[in-house]
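Participant:
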Amino acid sequence: MSFEKPNKSIALILFAGSILFGYITYKSYSVSFTHDESYSYLNFCGEGFIDIISYNQWFSNNHILNTLLMKYSELLFGNSELALRLPNLLALLLYMVFAYLFFRGRHWMLSVAIFLLLCSGNQLMDLFGMARGYGLSSAFMVVSFYFFIQYLKQNTTRNLVLFHSSALLACLSNFTLMTYYAAILLVMLAVQLLRSYVDESRKFNFLHMIKVHLLPTLIAFVFLYEPVRRVLTFNNLDFGGKAGFIDDTVSQLVLNSFQGIDYWVWAHELLKLIYIGLVISSLAIAFYWFGKKKLNRIDQHLEFVVSALLLFLISCVIIGLHFILGVDYPIGRFSAFLYPLFMIHLGFYINYLLDLVKPKLVLSVALSLGILSLVNFWNRNDIHFFGEWVYEKQTKNMIQELSDYHEFNYQNEKQIRLGINWIFEPSINYYQKRLQLDWLLPVEQKDLSPSDNYYYCYKKDLDQFSSSNYEIIKDYKDINTVLVRNLKN
């Protein structure tokens, strides 16, 4: 096969990456701050460095690295949606760079195809636009995996340090990534054992391996022990799925790959089988090579072997955590990190197929998948909100509407109470603080009260009041919320 036209792949990747990055940057600038982002900012960013990294407040919403970066980004650039989300935008740039580096030197069509697949996942791209730890963790995980493979190829201290430090940063961004860290250390052990079996000149030295990885692992332990201990002690870890690994986590991976596309139930079940089959067949091929001691094939397709082992061992770790500690199976945003790992493995699987099937056919299919994924992203992604936080779509607009209305009609009234549906509490308090709305009291998570001056809630929340008792200021029909003035107060 040919690896021609590297300039074409770089040009296409730069073009697509620039547009995607610009789009997510605009969303970060324009979309309302969400419930989770606001909660993190209000409750954790005001703490000192030691309190943040020691997890003084143990609530799992505190993504340590994200909290620190939000804190210092605010010090440098002020308090705005874009400033607080900037660390994740920079993480997106890092992610895009390594999405390219993984397949640099491969056929340009494969390089472009996998870049598009990696950078057009609706959920993951939205998470890169938010001030949360999910985007940061995915970026550092991809960096870590890249240098892990480089370490297996070139046994250098630089690659070892970059692998472990990136993995630690991924875990500090989102504790869910500890499943990745544990699994990839097991991959290291498995690869060393299997290599020594295939090539007798490479004798496996367990003590040497422990010695090499002991210091970086101890450093990770020092940083992670207390936060993880607090989470395990005070948190039920019940924010995932309970049906099973396949029905929850694998199903979510399929949904993340085809987000927003309507298809039959049987098609979803078939896709789950295909995803599982892809990993199982990869393992079968890898162990066949090891069994037959095909050292050349193993070295030629090392990334294919390693990524298959990683997906398998992550699955084992997730299942083990469920049965040992009662941790729920990752779903939703908690499973987002599996999407890039699967797409990277898919890329190496396609690269392996180039030796077996007509390269032009395989590459054409791969590029078509990448383009279709990009088209689906543009068709399905909404520029006005982030993923599951659609209910915050109008929060910033509502605050501006309320401010204008109050200033025009009741500017002399102070100590104004805004009754809300509980879900809007953190984001409204964020804007109340950021915009210095001194006339507006901080809102509380409590039932609507006749003593409130205004209400912002879902329409059904107003059923308890007579329509003659309030005046609708603004009806947000797209999310079924209303801003109203209480005429009885």
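Each residue of the sequence shown is one higher than the last, beginning at 177 in my numbering.
In this text, a Cβ means the ideal position worked out from N, Cα and C, and glycines have one as well.
(1) When the Cα atoms are used, what is the spatial distance from G496 to K418?
(2) Grab me the residues of I649's own chain with a C-beta within less than 7 Å of its C-beta, minus the 5 sequence neighbours each way, in chain order.
(3) Where does V658 fall in DSSP's three states?
(4) With 16 other CB atoms within 10 Å as the buried threshold, where does D438 fall?
(5) Kindly provide the ranges of any beta strand (DSSP E) runs that are 3 or more residues long and lie completely inside the stretch 621-646, ordered along the chain.
(6) Provide the residue span of the beta strand (DSSP E) that contains L594, from first to last.
(7) When you compare the CB positions of V363 and P516, do they come within less than 8 Å of one another, or not?
(8) Taking contact to mean at least 3 C-beta pairs separated by less than 8 Å, is the stretch 381-396 in contact with the stretch 479-486?
(9) With a threshold of 8 Å, are at least 3 pairs of Cβ atoms found where one atom belongs to the stretch 207-218 and the other to the stretch 554-574?
(10) Which of helix, strand or coil does DSSP assign to D227?
(11) For the alpha helix (DSSP H) containing G523, list its first residue and its last residue.
(12) In chain order, which continuous runs of the alpha helix (DSSP H) of length 4 or greater are located wholly inside the stretch 306-385?
(13) Looking at C-alpha atoms only, which residue of V367, Y356, L338, Q428 is the closest neighbour of L328?
(14) Just how far apart, CA to CA, sit F253 and N264?
(15) Enumerate in chain order the residues of its own chain whose CB-to-CB distance from L251 is below 7 Å, with the five nearest sequence positions on each side excluded.
(16) What would DSSP say about Y652, mapped onto helix, strand or coil?
(17) Candidates M574, L594, K664, I494: which alpha carbon is nearest I655's?
(18) Look at the alpha carbon of P618 and the alpha carbon of I228, and state the distance between them as a whole number of angstroms.
(19) So what does DSSP say about Y451, is it helix, strand or coil?
(20) Just tell me which of P602, A343, R556 has its CA closest to the CA of M301.
(21) If you draw a straight line from the alpha carbon of A267 to that of F274, how long is it in whole angstroms?
(22) Indicate whether S313 and S349 have their beta-carbon atoms separated by less than 8 Å.
(23) Helix or strand or just coil, what does DSSP make of L501?
(24) Output needed for L196: all residues of its chain with C-beta closer than 6 Å, excluding positions within five of it in sequence on either side, in chain order.
(25) Just the C-alpha distance for P602 and S644, rounded to the nearest angstrom, thanks.
(26) Report yes if the CB atom of L218 is closer than 8 Å to the CB atom of Y606, and no otherwise.
(27) Go ahead and pull the three-state DSSP assignment for L539.
(28) Leaving out five residues before and five after Y652 in sequence, what residues of the same chain have Cβ atoms less than 6 Å from its Cβ?
(29) Quick check on L198: does DSSP put it in helix, strand or coil?
(30) Could you spell out the range, first to last residue, of the alpha helix (DSSP H) harbouring Y581?
(31) Three Cβ pairs or more, each shorter than 8 Å: is that satisfied between the stretch 542-561 and the stretch 463-477?
(32) At which residue ranges does the stretch 275-303 contain complete alpha helix (DSSP H) runs of 4 or more residues, listed in the order of the chain?
(33) Check whether the stretch 375-394 and the stretch 485-495 are in contact - that is, three or more C-beta pairs closer than 8 Å.
(34) Return yes when the Cβ of L258 is within less than 8 Å of the Cβ of G309, no when it is not.
(35) Evaluate contact between the stretch 441-449 and the stretch 522-533, counting only Cβ atoms and requiring at least three cross-stretch pairs below 8 Å.
(36) If I measure Cβ to Cβ from L345 and keep anything under 7 Å in the same chain, skipping five residues before and after, which residues do I get?
Facilitator: The relevant details are as follows:
(1) 13 Å
(2) E577, Y581, L659, V660, R661
(3) strand
(4) Exposed.
(5) Taking 3 residues as the shortest admissible run, the stretch 621-646 contains the following complete beta strand (DSSP E) segments, listed from N- to C-terminal end: 630-634.
(6) 594-596
(7) no
(8) By the criterion of at least three beta-carbon pairs nearer than 8 Å, the stretch 381-396 is not in contact with the stretch 479-486.
(9) As far as the Cβ criterion goes, the stretch 207-218 touches the stretch 554-574, which means the pair count is three or higher.
(10) helix
(11) 514-529
(12) 309-329, 333-349, 354-374
(13) V367
(14) Cα atoms of F253 and N264: separation of roughly 15 Å, rounded to the nearest angstrom.
(15) none
(16) In the structure shown, Y652 sits in a strand (DSSP, three-state: E or B).
(17) The shortest Cα separation from I655 among M574, L594, K664, I494 belongs to M574.
(18) 24 Å
(19) Y451: helix per DSSP, three-state reduction.
(20) Comparing Cα positions, the closest option is R556.
(21) 11 Å
(22) yes
(23) helix
(24) C295
(25) 30 Å
(26) yes
(27) helix
(28) Leaving aside the five residues that flank Y652 on each side, the residues in its chain whose CB is nearer than 6 Å to its CB run, in chain order, Q570.
(29) According to the sequence provided, residue 198 is Gly. The question's Leu does not apply to it. If DSSP states are grouped into helix, strand and coil, G198 belongs with the helices.
(30) 571-586
(31) no
(32) 284-294
(33) no
(34) Not closer than 8 Å, so no.
(35) no
(36) L241, F316
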